[in-house]
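Colleague: Numbering (our numbering), first residue to last: 0 to 198.
All C-beta atoms, glycine included, are put in the ideal place defined by N, C-alpha and C.
Model, not experiment: these values are computed from the prediction.
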């Protein structure tokens, strides 16, 4: 694990952090899973989760088996090129074979300006990073993570430090879980308290 898991006394507080049912494009996820499996065979086994904000980019990283997501880093946005170069460097450093971008849909499932901005960012990123990508509905991810941090008695400053990369972790873990279900590899039970490590 790249981060520290919640202490046992706090795990019950964050148990509900497990990603909820998420309306996703199963065909797109199946195609993505097949492509990243081929990437893994070429030595690029991990996935990066991306939570794109107006001021920051939260990042999470999967394990090599693509079953557990951990917080990685929060990029303070400057301009697209330096932001994308930092993301590219992290992908190369960690052997990343695919990108999972959170898509901030409206509550009715429609796409607004933020979702369009995420799609535009990914289009531009694909010009720099030749990696397969998929979008995953991120509705309420930041709210869920913020609530978990409050329940864990994290200070306001600590919440500000962690929330973006933990939101990316929430998005990536949700995607990994659905991919496992689609492949028939989902475990009977996953220790929920270990899914969202604080680092």
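Taking all protein chains shown into account, do 16 or more other C-beta atoms lie within 10 angstroms of the C-beta of residue 31, making it buried, or fewer, making it exposed?
Modeller: buried
Colleague: Between residue 7 and the rest of its own chain, which residues show a CB-CB distance below 6 Å, the 5 nearest in sequence each way excluded?
Modeller: Reliability fails at residue 7, whose pLDDT of 36 lies under 50, so the model's placement of it is uncertain and the value that follows must be treated cautiously. Cβ within range, chain order: n/a, list empty.
Colleague: Based on the DSSP secondary-structure assignment, which residues constitute the bridge partners of residue 77?
Modeller: In DSSP, residue 77 forms no bridge with anything.
Colleague: In terms of alpha-carbon separation, which member of 113, 173, 82, 71 lies closest to residue 127?
Modeller: Here the closest residue by C-alpha is 82.
Colleague: From what residue to what residue does the alpha helix (DSSP H) around residue 113 run?
Modeller: 112-125
Colleague: Could you compute how far the alpha carbon of residue 180 sits from the alpha carbon of residue 79?
Modeller: 35 Å
Colleague: Taking residue 101 and residue 49 to be in contact with their CB atoms under 8 Å, please state how far apart those CB atoms are, rounded to whole angstroms.
Modeller: 6 Å
Colleague: Would residue 178 be called buried (16 or more neighbouring beta carbons within 10 Å of its own) or exposed?
Modeller: By the neighbour-count rule (16 or more Cβ atoms within 10 Å), residue 178 is buried.
Colleague: Check each candidate in 51, 42, 182, 167 and name the one with the smallest Cα separation from residue 60.
Modeller: 167
Colleague: Residue 59 lies in the alpha helix (DSSP H); which residues open and close that run?
Modeller: Per DSSP, residue 59 belongs to no alpha helix (DSSP H); it is in the beta strand (DSSP E), 55-61.
Colleague: Once you ignore the five residues that flank residue 39 on each side, which residues in its own chain have a CB closer than 8 Å to its CB?
Modeller: 63, 65, 96
Colleague: So residue 27 and residue 172 are supposed to be a Cβ contact under 8 Å. How far apart are they, rounded?
Modeller: No, residue 27 and residue 172 are not in contact; Cβ-Cβ is about 18 Å, not under 8 Å.
Colleague: Select from 36, 51, 24, 41 the residue whose C-alpha is nearest the C-alpha of residue 120.
Modeller: Of the listed residues, the one whose Cα sits closest to residue 120 is 51.
Colleague: Helix or strand or just coil, what does DSSP make of residue 24?
Modeller: coil
Colleague: Throw me the rounded Cβ distance for the residue 103 and residue 114 pair, which I believe falls under 8 Å.
Modeller: 5 Å
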